[in-house]
Every structure is written in structure tokens, then in C-alpha cells.
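Throughout the sequence shown, residue numbering follows our numbering, covering 191 to 370 in sequence. In this text, a Cβ means the ideal position worked out from N, Cα and C, and glycines have one as well. Contents: one structure, followed by commentary.
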Amino acid sequence: LNLPLPDVVETVDNEKVVREQLLYATNKLELAGVDFIAIPCNTAMLFLDQTKVSVPLISIVEETKKVIGKRKVGILGTKATIRNQLYGGAFVPSLKSQERITKVIINILSGKKLQIDKEFLCSEIQNFLDLGADKVILGCTELPLLISTENTFDTLEILARAVVREATNINEEQLVGDTP
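In C-alpha cells, the structure reads:
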């Protein structure tokens, strides 16, 4: 189920509409008889009232936190994800960098994968590593479309692995490919 959420990248002008849309979608999925729900958006998790969802919910944020464990991390993501500390304790970008990250995300959403944006993200990742981060969370599912390195956690890949694990009852070691 794909639903048209209002903009959650730059600003969230109407949280009520976002919450209502997410609740509508989860209710529709429940009525369809799904076994579980996974929402491939870090920021959307801020607006979902999980107490109103009666089927199991695989949270992109919680699954990523499991993979991170006790590692020190930086985060690149939307303003809302950063401001609301979805990944509390992570190193966060400066306000100026956050503005630029938002523009990069918007570029990716509009189909523009610019080398200058990739170089900027690489620079931000290196800044976090220099501060002592072990890795950097790509806390917007659009970012891996532009960059993914051994120094990043791809939250969309982490969620996909959790969905496969849940749907097939296969543990992480049995999944093909490197673990994040």
C-alpha cells in the first residue's frame, strides 16, 4: 500500500494529516489480513501511534537500533528525524549541514543524483568518523540511492532483512549477503 503523505522531508506542516493517513493505511492493511506491517520511512515512524495498530509492526528505527547495538554513530536524515532524536545519542549534523542534507534528499526524490551531493554526503560521513563515530546511519531511505559505504548503516536494507526474516522465519545468518 502506497499512500501520499504530506511533505515530511523539509517540514511537517500538518502532523494531524500525517497521523491520520498512517492510521488509515495501517487499518486498511489490517482489514486485508496482513501478518505484519513495515513502513520504509524513518520519519514516518514519528507519527505512527503504534498502540492503534493491532498486527505486528516491524519498525525501521527499532530494527536499525538492534543492528547498531552499542556502537557510536552519526546520522544523516530529515530535519524531523534529527530534531526528534529518533536515534538518540547519535552525532548530528550542524544546522547548516542539515539544510544541505535536506536539499540532497529533495534532489534524490526529484530524480537528481548529483555528484556534488554525493561528495557532500561523503564529507559529512567523514566528519562523523573523525568525531569518533564507528558508522553513520543513513536515516532517510532515499540516501542509499546516492551513497552507501562500509561506513554506513542503510536503514532500508536493515528493514528489508527484518521483513524477509519475519516472512520466512529465516534467521540473519541464513540470509544471503553481508550483514549491515
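Hey, residue i and residue j are a contact pair by Cβ (cut 8 Å); roughly how many whole angstroms apart?
i: G264; j: F318; result: 3 Å
i: L328; j: S338; result: 7 Å
i: N232; j: T271; result: 5 Å
i: E253; j: A352; result: 4 Å
i: L171; j: L213; result: Shown here, the chain extends from 191 to 370; a query on residue 171 therefore has no answer.
i: T292; j: T268; result: 7 Å
Answer yes or no: do residue i and residue j have a C-beta to C-beta separation smaller than 7 Å?
i: E210; j: V245; result: no
i: P334; j: L349; result: no
i: T331; j: P230; result: yes
i: K302; j: L336; result: no
i: I248; j: E356; result: yes
i: A215; j: F281; result: no
Opposite residue i in the DSSP bridges: which residues?
i: D324; result: Its beta-bridge partners do not exist; DSSP assigns none.
i: I227; result: L247
i: T342; result: V326
i: I265; result: I327
Figure out for me which residue from the options has the closest Cα to the Cα of residue i.
i: R290; options: Q275, I306, T358; result: I306
i: I315; options: K262, V354, N274, T358; result: K262
i: N274; options: Q240, N204, L236, E253; result: L236
i: V207; options: D239, S287, G278; result: D239
i: S284; options: L321, K260, A222; result: L321
Where in the segment 254-305 do unbroken runs of the beta strand (DSSP E), each at least 3 residues long, occur, reported from the N-terminal end onward? 263-267
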